[in-house]
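For the sequence shown, the UniProt record's numbering assigns the number 1 to the initial residue and increments by one for each residue that follows. We put the CB at the ideal spot given by N, CA and C, even for glycine.
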Amino acid sequence: MSWRPIENVERDLEKAEEQSALYGGVLVKGGNVVEIRTGVIIAARYADKLRRAAFAAFKNMVKQEEILRAVAELNKSIYDKLIKMGVGKLDIIRITVEARVDGGKLSFGEPVVEWFVPSEKAAELQSQLADCKKTLAELRQRLEEILKAI
């Protein structure tokens with residue numbers, strides 16, 4: 001399925017109305033500064049959720065084309081961040097980002113990505129961390145022995 005801007009914009013505007021009525025994922029911080037929150041979502045759906053939240057927040061303040069442009073840039077930066085973090089498509093995340101309207105231009109701040117790790121994965125990571133700490137302690141002890149011998 002390809003992305004058709006006109007169909008998707010209409011659908012996103014409808015979903016934005018629904019979202020603002022049901023969930024209120026937008027917090028006005030003052031003036032032209034708004035905080036957008038996706039809520040808890042699977043990582044694969046973050047772009048749609050952010051676009052809809054942006055339409056809900058800025059539909060009467062900024063042109064649709066400007067919203068699409070700004071959200072596309074934001075999505076690129078979030079995608080890079082998710083890849084660096086190692087987040088999978090089906091992992092659960094929450095994104096919070098501040099947006100500012102200045103002279104008809106929409107700009108986003110640095111997004112905050114929260115990654116919800118399942119308890120099994122957390123236990124596995126804790127085990128790996130304990131192993132790394134043990135290895136580090138052993139290496140440190142060996143290094144001290146070598147330095148004493150010199």
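- Bridge partners of residue 107, per DSSP? Here residue 107 corresponds to residue number 107 of the sequence shown, with the count starting at 1. Bridge partners of residue 107: 100.
- Task: Taking 8 Å as the threshold, find out whether the stretch 55-69 comes into contact with the stretch 115-133 through three or more Cβ pairs.
- Result: no
- With residue 140 as the anchor, note down where its alpha helix (DSSP H) starts and where it stops. For the purposes of this step, residue 140 is taken as the residue at position 140 of the sequence shown. Residue 140 -> alpha helix (DSSP H) spans 119-149.
- Query: Less than 8 Å separating the beta-carbons of residue 106 and residue 55?
  - Reply: Here residue 106 refers to the residue found at position 106 when the sequence shown is read from its first residue. Here residue 55 refers to the residue found at position 55 when the sequence shown is read from its first residue. With contacts defined as CB atoms closer than 8 Å, residue 106 and residue 55 fail to qualify as a contacting pair.
- Task: Consult DSSP for residue 40 and reduce its assignment to one of helix, strand or coil.
- Result: Locating residue 40 in the sequence shown gives position 40, where the first residue counts as 1. In this structure, residue 40 counts as coil in the three-state DSSP scheme.
- Flag this pair as yes or no: are the beta carbons of residue 33 and residue 51 separated by less than 8 Å? Here the question's residue 33 lines up with position 33 in the sequence shown. Here the question's residue 51 lines up with position 51 in the sequence shown. In terms of Cβ geometry, residue 33 and residue 51 do not form a close pair [threshold 8 Å].
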